[in-house]
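Written out below as structure tokens is the structure these notes cover.
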Amino acid sequence: MIQQGVLADALRQSIIDGEFAPGSKLSEAMLSERFAVSRNTVREAYRVLAEQGLVEHTPHRGVSVAAPAIADVIDIYRARRTIECTILRECEPQHPAVRRMEDALEEAERLLPQQAWREVGSANMAFHVAIIDLADSPRLARTYRNLAAELRLVFLEIDDPRALHEPFVRKNRAVLDALRHDGPDAAATVLETYLLQSERLVLGAFARMGRS
């Protein structure tokens with residue numbers, strides 16, 4: 001029988017892949033049948049996902065996929081700047097993870113002409129995960145994994161994937177070039193500006209949707 005942790009990971013992936021839209025209700029009975037698990041196992045998976053900020057429990061209404069608000073967006077980007085920029089500023093430019101940054105960036109650039117925005121978004125995220133890998137810290141990697149999942153929920157709320165992903169492929173290239181040619185401090189400065197621009201784009205989209 002599938003275990004609670006495995007179920008939580010499977011549900012987490014389904015949520016960030018967009019199978020369950022932000023705000024949609026999750027049926028305990030349906031998930032129990034789909035994954036051939038007990039309802040108690042489903043409830044335990046809900047608990048794990050709630051701790052990761054991916055689902056919300058509302059009394060008398062059950063469990064639903066989290067629908068990020070403006071305050072969540074601001075906090076997510078604050079955390080991103082703190083973690084990513086600090087790691088980049090303190091990194092070793094010859095670290096093997098720099099190669100992974102390049103690989104992810106090349107994949108995004110390859111996908112751009114195809115306008116495969118979901119795949120471009122995944123490649124962009126892989127670039128940022130590689131930045132976290134520069135720290136060689138399993139704890140920071142776990143923290144960022146949850147943060148990235150919440151960010152994907154934010155992106156699912158915005159019906160303009162091209163605007164979300166296309167400009168930032170070029171900005172990722174600028175970060176990597178700065179790291180290689182000007183050093184970690186310069187790269188961190190470029191990244192901080194980039195993340196502020198990304199945050200403004202997302203907040204503007206939320207404002208147009210009337211989100212609070």
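Each step along the sequence shown adds one to the number in full-length UniProt numbering, with nothing skipped, and position 209 is 209. For glycine and all other residues, C-beta sits at the position ideal for the given N, C-alpha and C.
Could you have a look at residue i and say whether DSSP puts it in helix, strand or coil?
i    : result
M95  : With the sequence shown as reference, residue 95 is identified as His, and Met is not the correct amino acid for it. Coil at H95, not helix or strand.
Q204 : Checking the sequence, you will find Gly at residue 204 rather than Gln. G204: helix per DSSP, three-state reduction.
V37  : coil
A23  : The question names Ala, yet the displayed sequence has Gly at residue 23. Three-state result, G23: coil.
G53  : coil
S64  : strand
M1   : Model confidence at M1 stands at a pLDDT of 49, short of 50, so the residue's coordinates are unreliable; what they give is reported in the following sentence. In this structure, M1 counts as coil in the three-state DSSP scheme.
Would residue i be called buried (16 or more neighbouring beta carbons within 10 Å of its own) or exposed?
i           : result
T41         : buried
Q13         : exposed
H181        : exposed
residue 216 : The displayed coordinates of the chain run from 1 to 212. Any statement about residue 216 would go beyond what the structure contains.
L196        : exposed
D133        : buried
R80         : buried
M125        : buried
P96         : exposed
A207        : exposed
A66         : buried
P113        : exposed
P138        : exposed
A187        : buried
A29         : exposed
Could you check how far apart the C-beta atoms of residue i and residue j are, in whole angstroms? I think they sit under 8 Å.
i    : j    : result
V37  : A108 : Contact doesn't hold; Cβ gap of about 36 Å is too wide.
I70  : S212 : 6 Å
S64  : S27  : About 10 Å; that fails the 8 Å criterion.
P161 : G121 : 7 Å
A21  : L156 : 7 Å
P93  : P184 : 6 Å
With 9 Å as the threshold, decide whether the Cβ of residue i is near any Cβ in chain D.
i    : result
N172 : Reference to chain D is not applicable here, since this structure consists of a single protein chain.
Legend entry - At least three beta-carbon pairs within less than 8 Å, the stretch 183–196 to the stretch 95–102: Flag = no, the stretch 183–196 and the stretch 95–102 do not touch.
Inset, instruction - Check whether the stretch 149–162 touches the stretch 15–27, taking contact to mean three or more Cβ pairs, one atom from each stretch, closer than 8 Å. - result: In short, these stretches touch, since the Cβ pair count reaches three.
Inset, instruction - Kindly confirm or deny that the stretch 51–58 and the stretch 129–143 touch, where touching means at least three C-beta pairs closer than 8 Å. - result: The stretch 51–58 makes no contact with the stretch 129–143: fewer than 3 CB pairs, one atom from each, lie closer than 8 Å.
Legend entry - Any 3 or more C-beta pairs closer than 8 Å across the stretch 74–87 and the stretch 120–135: Contact holds: three or more Cβ-Cβ distances are below 8 Å.
Inset, instruction - List in chain order: all unbroken alpha helix (DSSP H) runs of 4+ residues lying wholly within the stretch 88–134. - result: You should have 97–111 and 117–133.
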